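Working notes for the structure below.
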Amino acid sequence: MSKETIIKCEKQKPRFHAFLKINQAKPECGRQSLVELLIRPVQRLPSVALLLNDLKKHTADENPDKSTLEKAIGSLKEVMTHINEDKRKTEAQKQIFDVVYEVDGCPANLLSSHRSLVQRVETISLGEHPCDRGEQVTLFLFNDCLEIARKRHKVIGTFRSPHGQTRPPASLKHIHLMPLSQIKKVLDIRETEDCHNAFALLVRPPTEQANVLLSFQMTSDELPKENWLKMLCRHVANTICKADAENLIYTADPESFEVNTKDMDSTLSRASRAIKKTSKKVTRAFSFSKTPKRALRRALMTSHGSVEGRSPSSNDKHVMSRLSSTSSLAGIPSPSLVSLPSFFERRSHTLSRSTTHLI
(Lines of atoms letter the chains of each structure in order from A and count residues from 1; the text may use other names and numbers.)
(Lines give C-alpha, C1' and ligand atoms only; values in the text may rest on other atoms or scores of the structure.)
Protein backbone atom coordinates (compact mmCIF):
# COMPACT_ATOMS: atom_id res chain seq x y z
CA MET A 1 0.00 0.00 0.00
CA SER A 2 1.67 3.24 -1.13
CA LYS A 3 1.57 6.65 0.46
CA GLU A 4 -0.49 8.09 -2.40
CA THR A 5 -3.14 5.36 -2.03
CA ILE A 6 -3.55 6.01 1.69
CA ILE A 7 -3.90 9.76 1.16
CA LYS A 8 -6.41 9.25 -1.67
CA CYS A 9 -8.56 6.81 0.33
CA GLU A 10 -8.46 9.13 3.32
CA LYS A 11 -9.88 11.96 1.19
CA GLN A 12 -12.52 9.89 -0.60
CA LYS A 13 -13.75 7.68 2.28
CA PRO A 14 -14.84 9.48 5.47
CA ARG A 15 -15.12 6.26 7.48
CA PHE A 16 -11.53 5.33 6.66
CA HIS A 17 -10.43 8.83 7.70
CA ALA A 18 -12.29 8.50 11.01
CA PHE A 19 -10.73 5.06 11.59
CA LEU A 20 -7.23 6.48 11.09
CA LYS A 21 -7.87 9.40 13.44
CA ILE A 22 -9.24 7.13 16.19
CA ASN A 23 -6.25 4.77 16.04
CA GLN A 24 -3.78 7.63 15.75
CA ALA A 25 -4.93 8.90 19.16
CA LYS A 26 -4.11 5.57 20.83
CA PRO A 27 -0.90 5.43 22.89
CA GLU A 28 0.30 2.34 20.96
CA CYS A 29 0.66 4.43 17.80
CA GLY A 30 2.47 7.27 19.53
CA ARG A 31 0.26 9.85 17.71
CA GLN A 32 1.81 8.85 14.39
CA SER A 33 -0.14 8.49 11.15
CA LEU A 34 -0.34 5.29 9.12
CA VAL A 35 2.03 6.72 6.50
CA GLU A 36 4.63 7.49 9.14
CA LEU A 37 4.30 4.03 10.67
CA LEU A 38 4.82 2.38 7.28
CA ILE A 39 8.03 4.35 6.74
CA ARG A 40 9.44 3.44 10.15
CA PRO A 41 10.78 -0.04 9.15
CA VAL A 42 12.64 1.47 6.20
CA GLN A 43 14.04 4.24 8.39
CA ARG A 44 14.94 1.81 11.15
CA LEU A 45 17.50 -0.07 9.06
CA PRO A 46 19.80 2.95 8.52
CA SER A 47 19.42 3.80 12.20
CA VAL A 48 20.50 0.29 13.18
CA ALA A 49 23.42 0.48 10.76
CA LEU A 50 24.59 3.75 12.34
CA LEU A 51 24.24 2.22 15.80
CA LEU A 52 26.33 -0.80 14.82
CA ASN A 53 29.00 1.45 13.33
CA ASP A 54 29.21 3.35 16.61
CA LEU A 55 29.53 0.08 18.51
CA LYS A 56 32.30 -1.01 16.17
CA LYS A 57 34.25 2.20 16.81
CA HIS A 58 34.11 1.66 20.56
CA THR A 59 34.97 -2.05 20.35
CA ALA A 60 38.55 -3.13 20.76
CA ASP A 61 40.25 -5.06 17.99
CA GLU A 62 40.96 -8.05 20.23
CA ASN A 63 37.29 -8.31 21.16
CA PRO A 64 35.74 -11.42 19.47
CA ASP A 65 32.46 -9.52 18.91
CA LYS A 66 34.05 -7.08 16.46
CA SER A 67 34.02 -9.58 13.58
CA THR A 68 30.36 -10.29 14.31
CA LEU A 69 29.59 -6.56 14.20
CA GLU A 70 31.32 -6.27 10.84
CA LYS A 71 29.25 -9.16 9.44
CA ALA A 72 26.05 -7.56 10.76
CA ILE A 73 26.92 -4.21 9.18
CA GLY A 74 27.66 -5.92 5.84
CA SER A 75 24.35 -7.81 5.93
CA LEU A 76 22.44 -4.59 6.67
CA LYS A 77 24.11 -2.86 3.74
CA GLU A 78 23.12 -5.70 1.41
CA VAL A 79 19.50 -5.53 2.61
CA MET A 80 19.34 -1.75 2.15
CA THR A 81 20.90 -2.05 -1.31
CA HIS A 82 18.31 -4.69 -2.26
CA ILE A 83 15.46 -2.48 -0.99
CA ASN A 84 16.73 0.56 -2.89
CA GLU A 85 17.19 -1.50 -6.07
CA ASP A 86 13.65 -2.88 -5.88
CA LYS A 87 12.30 0.60 -5.27
CA ARG A 88 14.20 1.92 -8.27
CA LYS A 89 12.86 -0.87 -10.50
CA THR A 90 9.31 -0.25 -9.32
CA GLU A 91 9.57 3.46 -10.06
CA ALA A 92 11.07 2.72 -13.49
CA GLN A 93 8.21 0.35 -14.36
CA LYS A 94 5.71 2.96 -13.19
CA GLN A 95 7.28 5.53 -15.50
CA ILE A 96 6.96 3.16 -18.46
CA PHE A 97 3.30 2.49 -17.63
CA ASP A 98 2.71 6.25 -17.51
CA VAL A 99 4.20 6.56 -21.00
CA VAL A 100 1.99 3.73 -22.31
CA TYR A 101 -1.14 5.41 -20.93
CA GLU A 102 -0.10 8.84 -22.19
CA VAL A 103 0.69 7.72 -25.77
CA ASP A 104 -2.28 6.43 -27.75
CA GLY A 105 -1.40 3.35 -29.80
CA CYS A 106 1.85 2.72 -27.96
CA PRO A 107 3.23 -0.78 -28.77
CA ALA A 108 2.85 -3.38 -26.06
CA ASN A 109 6.45 -4.54 -26.46
CA LEU A 110 7.58 -1.28 -24.88
CA LEU A 111 6.85 -2.88 -21.51
CA SER A 112 9.95 -4.82 -20.55
CA SER A 113 11.64 -5.66 -17.28
CA HIS A 114 15.10 -4.57 -18.50
CA ARG A 115 13.89 -1.25 -19.97
CA SER A 116 13.90 2.07 -18.14
CA LEU A 117 12.99 5.64 -19.06
CA VAL A 118 16.03 7.91 -19.27
CA GLN A 119 14.79 11.29 -20.51
CA ARG A 120 11.79 13.01 -22.06
CA VAL A 121 12.29 15.86 -24.54
CA GLU A 122 9.71 18.18 -26.12
CA THR A 123 10.54 19.12 -29.72
CA ILE A 124 9.10 20.39 -33.01
CA SER A 125 9.55 18.49 -36.25
CA LEU A 126 11.59 20.41 -38.84
CA GLY A 127 11.24 18.02 -41.77
CA GLU A 128 8.78 15.66 -43.40
CA HIS A 129 9.91 12.73 -41.24
CA PRO A 130 8.71 11.28 -38.95
CA CYS A 131 5.67 13.60 -39.31
CA ASP A 132 4.76 16.89 -40.95
CA ARG A 133 6.84 19.99 -40.42
CA GLY A 134 5.73 22.02 -37.43
CA GLU A 135 4.20 19.10 -35.52
CA GLN A 136 4.85 19.01 -31.78
CA VAL A 137 6.83 15.83 -31.17
CA THR A 138 7.75 14.24 -27.84
CA LEU A 139 10.83 12.00 -27.67
CA PHE A 140 11.00 9.37 -24.93
CA LEU A 141 14.56 8.11 -24.58
CA PHE A 142 14.85 4.64 -23.05
CA ASN A 143 18.04 2.74 -22.40
CA ASP A 144 17.67 0.75 -25.66
CA CYS A 145 15.03 2.49 -27.82
CA LEU A 146 13.47 5.84 -28.70
CA GLU A 147 9.69 6.34 -28.66
CA ILE A 148 8.51 9.10 -31.02
CA ALA A 149 5.01 10.51 -30.44
CA ARG A 150 3.20 13.60 -31.67
CA LYS A 151 0.60 15.73 -29.98
CA ARG A 152 -2.98 14.65 -30.65
CA HIS A 153 -5.13 17.08 -32.61
CA LYS A 154 -8.30 15.72 -31.01
CA VAL A 155 -8.14 14.32 -27.48
CA ILE A 156 -10.17 11.15 -26.88
CA GLY A 157 -12.41 10.59 -23.85
CA THR A 158 -11.23 9.64 -20.41
CA PHE A 159 -10.62 6.01 -19.49
CA ARG A 160 -12.44 4.61 -16.47
CA SER A 161 -11.03 1.46 -14.95
CA PRO A 162 -13.24 -1.27 -13.38
CA HIS A 163 -12.12 -0.10 -9.92
CA GLY A 164 -13.69 3.32 -10.49
CA GLN A 165 -10.46 5.27 -11.06
CA THR A 166 -10.56 7.76 -13.91
CA ARG A 167 -7.39 8.08 -15.97
CA PRO A 168 -6.70 11.26 -17.98
CA PRO A 169 -7.04 10.92 -21.77
CA ALA A 170 -4.03 10.17 -23.94
CA SER A 171 -2.54 13.46 -25.10
CA LEU A 172 -0.02 11.95 -27.54
CA LYS A 173 -0.25 9.75 -30.63
CA HIS A 174 2.29 7.02 -31.32
CA ILE A 175 4.42 7.45 -34.45
CA HIS A 176 7.38 5.10 -34.24
CA LEU A 177 9.29 2.99 -31.72
CA MET A 178 12.87 2.98 -32.95
CA PRO A 179 15.72 0.87 -31.55
CA LEU A 180 18.80 2.92 -30.77
CA SER A 181 20.86 0.63 -33.00
CA GLN A 182 19.18 2.23 -36.05
CA ILE A 183 20.69 5.65 -35.23
CA LYS A 184 23.88 5.96 -37.29
CA LYS A 185 24.77 9.60 -36.59
CA VAL A 186 23.68 12.37 -34.24
CA LEU A 187 23.97 15.79 -35.89
CA ASP A 188 24.47 18.89 -33.78
CA ILE A 189 23.17 21.75 -35.95
CA ARG A 190 25.14 24.95 -35.53
CA GLU A 191 23.39 27.98 -34.08
CA THR A 192 22.61 30.68 -36.68
CA GLU A 193 20.12 33.50 -37.07
CA ASP A 194 17.67 31.19 -38.85
CA CYS A 195 18.36 28.04 -36.80
CA HIS A 196 18.17 27.76 -33.02
CA ASN A 197 18.38 24.75 -30.72
CA ALA A 198 18.13 22.23 -33.57
CA PHE A 199 19.54 18.74 -33.97
CA ALA A 200 19.06 15.82 -36.35
CA LEU A 201 19.29 12.04 -36.37
CA LEU A 202 20.58 10.04 -39.31
CA VAL A 203 18.62 6.79 -39.16
CA ARG A 204 18.76 3.62 -41.24
CA PRO A 205 15.42 1.75 -40.93
CA PRO A 206 15.51 -1.95 -41.85
CA THR A 207 12.96 -1.42 -44.64
CA GLU A 208 14.86 1.44 -46.32
CA GLN A 209 17.84 1.30 -48.65
CA ALA A 210 19.16 4.75 -47.68
CA ASN A 211 19.48 6.80 -44.53
CA VAL A 212 16.55 8.92 -43.34
CA LEU A 213 17.07 12.34 -41.75
CA LEU A 214 14.97 13.23 -38.71
CA SER A 215 15.39 16.88 -37.70
CA PHE A 216 13.95 18.49 -34.57
CA GLN A 217 14.00 21.72 -32.60
CA MET A 218 14.06 21.55 -28.81
CA THR A 219 11.35 23.71 -27.22
CA SER A 220 12.23 23.28 -23.55
CA ASP A 221 15.13 25.05 -21.85
CA GLU A 222 15.24 22.72 -18.85
CA LEU A 223 17.75 20.41 -20.54
CA PRO A 224 20.56 21.96 -22.62
CA LYS A 225 20.94 20.58 -26.12
CA GLU A 226 24.56 19.58 -25.50
CA ASN A 227 23.64 17.47 -22.47
CA TRP A 228 20.76 15.86 -24.36
CA LEU A 229 22.93 14.88 -27.32
CA LYS A 230 25.64 13.44 -25.06
CA MET A 231 23.05 11.43 -23.16
CA LEU A 232 21.57 10.11 -26.40
CA CYS A 233 24.96 9.15 -27.83
CA ARG A 234 25.99 7.39 -24.63
CA HIS A 235 22.96 5.09 -24.73
CA VAL A 236 23.37 4.52 -28.47
CA ALA A 237 26.98 3.49 -27.87
CA ASN A 238 25.92 1.15 -25.06
CA THR A 239 23.35 -0.45 -27.35
CA ILE A 240 25.78 -1.07 -30.21
CA CYS A 241 28.61 -1.99 -27.79
CA LYS A 242 30.96 0.90 -28.57
CA ALA A 243 33.10 2.75 -26.07
CA ASP A 244 33.59 5.98 -28.04
CA ALA A 245 30.20 7.66 -27.64
CA GLU A 246 31.64 11.10 -28.54
CA ASN A 247 32.43 9.93 -32.08
CA LEU A 248 28.72 9.57 -32.83
CA ILE A 249 28.17 13.36 -32.62
CA TYR A 250 28.83 15.37 -35.78
CA THR A 251 28.59 19.14 -36.07
CA ALA A 252 26.80 20.26 -39.23
CA ASP A 253 25.67 23.49 -40.87
CA PRO A 254 21.90 23.98 -41.23
CA GLU A 255 22.27 24.84 -44.93
CA SER A 256 23.80 21.46 -45.75
CA PHE A 257 20.69 19.64 -44.50
CA GLU A 258 18.16 22.42 -45.29
CA VAL A 259 17.22 22.81 -41.63
CA ASN A 260 15.50 26.08 -40.69
CA THR A 261 13.65 27.14 -37.55
CA LYS A 262 12.93 30.75 -38.51
CA ASP A 263 9.25 30.33 -39.40
CA MET A 264 8.30 27.90 -36.61
CA ASP A 265 6.82 30.55 -34.30
CA SER A 266 5.30 32.89 -36.88
CA THR A 267 1.53 33.26 -37.18
CA LEU A 268 1.58 32.76 -40.95
CA SER A 269 3.41 29.45 -40.68
CA ARG A 270 1.02 28.16 -38.04
CA ALA A 271 -1.94 29.15 -40.21
CA SER A 272 -0.45 27.43 -43.26
CA ARG A 273 0.16 24.24 -41.26
CA ALA A 274 -3.42 24.33 -39.99
CA ILE A 275 -4.72 24.75 -43.56
CA LYS A 276 -2.57 21.84 -44.70
CA LYS A 277 -3.95 19.57 -41.97
CA THR A 278 -7.52 20.61 -42.78
CA SER A 279 -7.02 19.94 -46.49
CA LYS A 280 -5.70 16.45 -45.70
CA LYS A 281 -8.76 15.71 -43.57
CA VAL A 282 -11.12 16.98 -46.29
CA THR A 283 -9.30 14.93 -48.92
CA ARG A 284 -9.64 11.78 -46.82
CA ALA A 285 -13.32 12.51 -46.14
CA PHE A 286 -14.24 13.01 -49.83
CA SER A 287 -12.03 10.37 -51.42
CA PHE A 288 -14.70 8.12 -52.99
CA SER A 289 -13.32 5.10 -54.83
CA LYS A 290 -15.20 4.49 -58.10
CA THR A 291 -16.57 1.05 -58.77
CA PRO A 292 -15.02 -0.48 -61.92
CA LYS A 293 -17.44 -0.81 -64.81
CA ARG A 294 -16.53 -4.45 -65.42
CA ALA A 295 -17.24 -5.40 -61.79
CA LEU A 296 -20.50 -3.43 -61.80
CA ARG A 297 -21.66 -5.09 -65.04
CA ARG A 298 -20.78 -8.55 -63.68
CA ALA A 299 -22.73 -7.88 -60.47
CA LEU A 300 -25.81 -6.75 -62.40
CA MET A 301 -25.69 -9.76 -64.75
CA THR A 302 -25.33 -12.13 -61.80
CA SER A 303 -28.29 -10.66 -59.95
CA HIS A 304 -30.45 -10.66 -63.13
CA GLY A 305 -29.57 -14.28 -63.94
CA SER A 306 -30.33 -15.42 -60.41
CA VAL A 307 -33.78 -13.81 -60.54
CA GLU A 308 -34.62 -15.41 -63.90
CA GLY A 309 -33.22 -18.85 -63.12
CA ARG A 310 -34.79 -19.56 -59.73
CA SER A 311 -38.35 -20.86 -59.30
CA PRO A 312 -40.86 -18.53 -57.65
CA SER A 313 -41.26 -19.14 -53.95
CA SER A 314 -44.47 -19.09 -51.96
CA ASN A 315 -43.86 -15.48 -50.95
CA ASP A 316 -43.40 -14.49 -54.61
CA LYS A 317 -46.61 -16.32 -55.56
CA HIS A 318 -48.50 -14.47 -52.83
CA VAL A 319 -47.25 -11.10 -54.05
CA MET A 320 -48.09 -11.94 -57.67
CA SER A 321 -51.60 -13.06 -56.73
CA ARG A 322 -52.22 -9.80 -54.89
CA LEU A 323 -50.97 -7.81 -57.86
CA SER A 324 -53.24 -9.75 -60.23
CA SER A 325 -56.25 -9.23 -57.99
CA THR A 326 -55.54 -5.52 -57.84
CA SER A 327 -55.34 -5.27 -61.62
CA SER A 328 -58.61 -7.20 -62.01
CA LEU A 329 -60.36 -4.89 -59.58
CA ALA A 330 -59.10 -1.87 -61.48
CA GLY A 331 -60.96 -3.06 -64.60
CA ILE A 332 -64.39 -3.32 -62.85
CA PRO A 333 -66.30 0.01 -62.83
CA SER A 334 -67.55 1.23 -59.46
CA PRO A 335 -71.39 1.28 -59.32
CA SER A 336 -71.55 4.25 -57.00
CA LEU A 337 -69.32 6.42 -59.14
CA VAL A 338 -71.13 5.50 -62.40
CA SER A 339 -74.63 6.14 -61.08
CA LEU A 340 -73.89 9.54 -59.52
CA PRO A 341 -74.27 11.64 -62.73
CA SER A 342 -77.52 9.93 -63.72
CA PHE A 343 -78.85 10.35 -60.17
CA PHE A 344 -78.27 14.12 -60.19
CA GLU A 345 -79.77 14.35 -63.68
CA ARG A 346 -83.03 12.65 -62.55
CA ARG A 347 -83.26 14.84 -59.45
CA SER A 348 -82.87 18.01 -61.49
CA HIS A 349 -85.55 16.83 -63.97
CA THR A 350 -88.04 16.14 -61.14
CA LEU A 351 -87.43 19.56 -59.57
CA SER A 352 -87.99 21.31 -62.89
CA ARG A 353 -91.36 19.53 -63.39
CA SER A 354 -92.54 20.46 -59.91
CA THR A 355 -91.57 24.08 -60.43
CA THR A 356 -93.50 24.21 -63.73
CA HIS A 357 -96.62 22.80 -62.06
CA LEU A 358 -96.51 25.49 -59.38
CA ILE A 359 -96.25 28.27 -61.92
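One point on numbering: in full-length UniProt numbering, the residue at position 191 of the sequence shown is 191, and numbering is uninterrupted. Where a beta carbon is used, it is the ideal one built from N, C-alpha and C, also for glycine. Everything numeric in this text was worked out from a predicted model, so none of it was measured.
Check: So what does H235 bridge to, in DSSP terms?
Finding: Within the sequence shown, numbered from 1, the residue matching residue 235 stands at position 235. Beta-bridge pairing links H235 to no other residue.
Next item on the list: Would you kindly work out how many angstroms separate the C-alpha atoms of E128 and D104, rounded to a whole number?
Entry: Locating residue 128 in the sequence shown gives position 128, counting from the first residue. Locating residue 104 in the sequence shown gives position 104, counting from the first residue. Roughly 21 Å separates the two Cα atoms.
Check: Identify the residues that DSSP records as bridge partners of Q217: which are they?
Finding: On the sequence shown, position 217 is the one that residue 217 refers to. According to DSSP, Q217 bridges with I124 and A198.
Next item on the list: Identify whether L50 lies in helix, strand or coil by the three-state DSSP scheme.
Entry: Within the sequence shown, residue 50 is the residue found at index 50, counting from 1. If DSSP states are grouped into helix, strand and coil, L50 belongs with the helices.
Next item on the list: With DSSP collapsed to three states, give me the class of F16.
Entry: Sequence index remark: in the sequence shown, residue 16 carries index 16 (1-based). Residue state, collapsed to three classes: helix.
Margin query: Here's the rule: buried if 16 or more other CB atoms are within 10 angstroms of the residue's CB, otherwise exposed. What is T90?
Written below: To locate residue 90, count along the sequence shown from 1; it is residue 90. Exposed is the call here.
Margin query: Between which two residues does the alpha helix (DSSP H) holding V100 run?
Written below: As a position in the sequence shown, residue 100 is number 100, starting the count at 1. Segment D65 to E102, the alpha helix (DSSP H) holding V100.
Margin query: Considering only their Cβ atoms, is the gap separating Y250 from K151 smaller than 9 Å?
Written below: By one-based count along the sequence shown, residue 151 stands at place 151. By one-based count along the sequence shown, residue 250 stands at place 250. Against a cut-off of 9 Å, the Cβ pair of Y250 and K151 comes out as no contact.
Next item on the list: Kindly indicate which residue of L126, A18, N23 and G74 has the alpha-carbon position closest to the one of F199.
Entry: Numbered from its first residue, the sequence shown carries residue 199 at position 199. Closest by alpha carbon: L126.
Check: From L232, D253, D54 and P254, pick the residue whose C-alpha is nearest to that of E246; which is it?
Finding: Translated into the one-based positions of the sequence shown, residue 246 becomes position 246. Comparing C-alpha distances from E246 to each of L232, D253, D54 and P254 shows the shortest one belongs to L232.
Notebook entry, point to check: How many Å lie between Q119 and K56 at the Cα?
Noted result: If you number the sequence shown from 1, residue 119 lands on position 119. If you number the sequence shown from 1, residue 56 lands on position 56. Taking the straight line from one Cα to the other gives about 42 Å.
Note to self: Closest to N238 by C-alpha separation, out of E255, W228, D144 and V259, would be which residue?
What the structure shows: The count along the sequence shown starts at 1 and reaches residue 238 at position 238. Per the Cα distances, D144.
Notebook entry, point to check: Exposed or buried, L187, counting other C-beta atoms within 10 Å across all chains shown (16 or more means buried)?
Noted result: On the sequence shown, residue 187 is found 187 positions in, with the first residue counted as 1. It counts as buried.
Checklist line | Proximity of I240 and S171 at Cβ, strictly below 9 Å | finding: If you number the sequence shown from 1, residue 240 lands on position 240. If you number the sequence shown from 1, residue 171 lands on position 171. Cβ atoms of I240 and S171: not closer than 9 Å.
Check: Who pairs with H174 in a beta bridge, going by DSSP?
Finding: Locating residue 174 in the sequence shown gives position 174, where the first residue counts as 1. A149.
Item checked: Coarse secondary structure for Q182, derived from DSSP in three states -> Position 182 of the sequence shown, counted from the first residue, corresponds to residue 182. Note: Q182 maps to helix in three-state DSSP.
Checklist line | Cβ-based neighbour list, V35, same chain, cut-off 8 Å, excluding 5 preceding and 5 following | finding: Taking the sequence shown and counting its residues from 1, one reaches residue 35 at position 35. Contacts found: K3, I6 and I7.
Item checked: Cβ neighbour criterion (16 or more within 10 Å) applied to V79 -> On the sequence shown, position 79 is the one that residue 79 refers to. V79 is exposed by the Cβ-count criterion.
Notebook entry, point to check: Which same chain residues, not among the five before or five after E255, have their C-beta less than 7 Å away from its C-beta?
Noted result: Along the sequence shown, one-based indexing puts residue 255 at 255. The answer is none, since no qualifying residue turns up.
Check: I189 bridges to which residues according to DSSP?
Finding: By 1-based counting over the sequence shown, the position of residue 189 is 189. The partner list for I189 (beta bridge, DSSP) reads A252.
Margin query: Please classify H114 as buried or exposed, where buried requires at least 16 other C-beta atoms within 10 Å of its C-beta.
Written below: As a first step, residue 114 is located in the sequence shown; it is residue number 114 there, counting from the start. So H114 counts as exposed.
Next item on the list: Count the C-beta pairs between the region 42–62 and the region 21–30 that are closer than 8 Å, then say yes if the count reaches three, no if not.
Entry: no
Next item on the list: Grab me the residues of D253's own chain with a C-beta within less than 6 Å of its C-beta, minus the 5 sequence neighbours each way, in chain order.
Entry: The count along the sequence shown starts at 1 and reaches residue 253 at position 253. Once the five neighbours on either side are set aside, the close Cβ partners of D253 are R190.
Next item on the list: Within 10 angstroms of the Cβ of Q217, are there 16 or more other Cβ atoms? Answer buried if so, exposed if not.
Entry: For this step, residue 217 is matched to residue 217 along the sequence shown. That one is buried.
Next item on the list: Kindly indicate the opening and closing residues of the beta strand (DSSP E) around F140.
Entry: Within the sequence shown, the letter at position 140 stands for residue 140. Per DSSP, the unbroken beta strand (DSSP E) holding F140 starts and ends at Q136 to F142.
Item checked: 8 Å contact criterion, which L177 and E147 should meet: CB distance rounded -> Along the sequence shown, one-based indexing puts residue 177 at 177. Along the sequence shown, one-based indexing puts residue 147 at 147. Their Cβ separation, rounded to whole angstroms, is 5 Å, which keeps L177 and E147 in contact under 8 Å.
Next item on the list: Please list, in chain order, all residues of the same chain as S325 whose beta carbon is under 6 Å from its beta carbon, the five residues on each side excluded.
Entry: By 1-based counting over the sequence shown, the position of residue 325 is 325. Because S325 sits at a pLDDT of 49, beneath the cut-off of 50, its placement in the model cannot be relied upon, and the point is left open.
Margin query: For R234, which residues in the same chain have their Cβ closer than 6 Å to its Cβ, ignoring the five residues on either side in sequence?
Written below: For the purposes of this step, residue 234 is identified with residue 234 of the sequence shown, where counting begins at 1. Excluding positions up to five away in sequence, the list reads A245.
Item checked: Which listed residue (L141, F142 and V137) has its alpha carbon closest to that of H153 -> To locate residue 153, count along the sequence shown from 1; it is residue 153. The shortest C-alpha separation from H153 is found at V137.
Note to self: Could you tell me the alpha carbon to alpha carbon distance between Q43 and K94, rounded to whole angstroms?
What the structure shows: Reading the sequence shown from its first residue, position 43 is the one you call residue 43. Reading the sequence shown from its first residue, position 94 is the one you call residue 94. C-alpha separation (whole angstroms): 23 Å.
Notebook entry, point to check: What's the gap between the Cα of C29 and the Cα of E70?
Noted result: Position 29 of the sequence shown, counting from 1, holds the residue named residue 29. Position 70 of the sequence shown, counting from 1, holds the residue named residue 70. Rounded to the nearest whole angstrom, the CA to CA distance from C29 to E70 is 33 Å.
Margin query: Quick check on this structure: which residue in A149, C106 and F142 has the alpha carbon closest to the alpha carbon of A92?
Written below: For the purposes of this step, residue 92 is identified with residue 92 of the sequence shown, where counting begins at 1. Closest by alpha carbon: F142.
Note to self: Run through the DSSP bridge pairs and tell me what Q32 is partnered with.
What the structure shows: Position 32 of the sequence shown holds residue 32. BP columns for Q32 are empty, so no partner.
Item checked: Beta-carbon proximity list for R31, same chain, < 8 Å, skipping 5 on both sides -> As a position in the sequence shown, residue 31 is number 31, starting the count at 1. Taken in chain order, the residues that qualify are Q24 and A25.
Margin query: So, at 7 Å on beta carbons, what are the nonlocal neighbours of C131 in its own chain, with the 5 sequence-adjacent residues on each side left out?
Written below: The residue labelled residue 131 in the question sits at position 131 within the sequence shown. Taken in chain order, the residues that qualify are S125, V137, R150 and I175.
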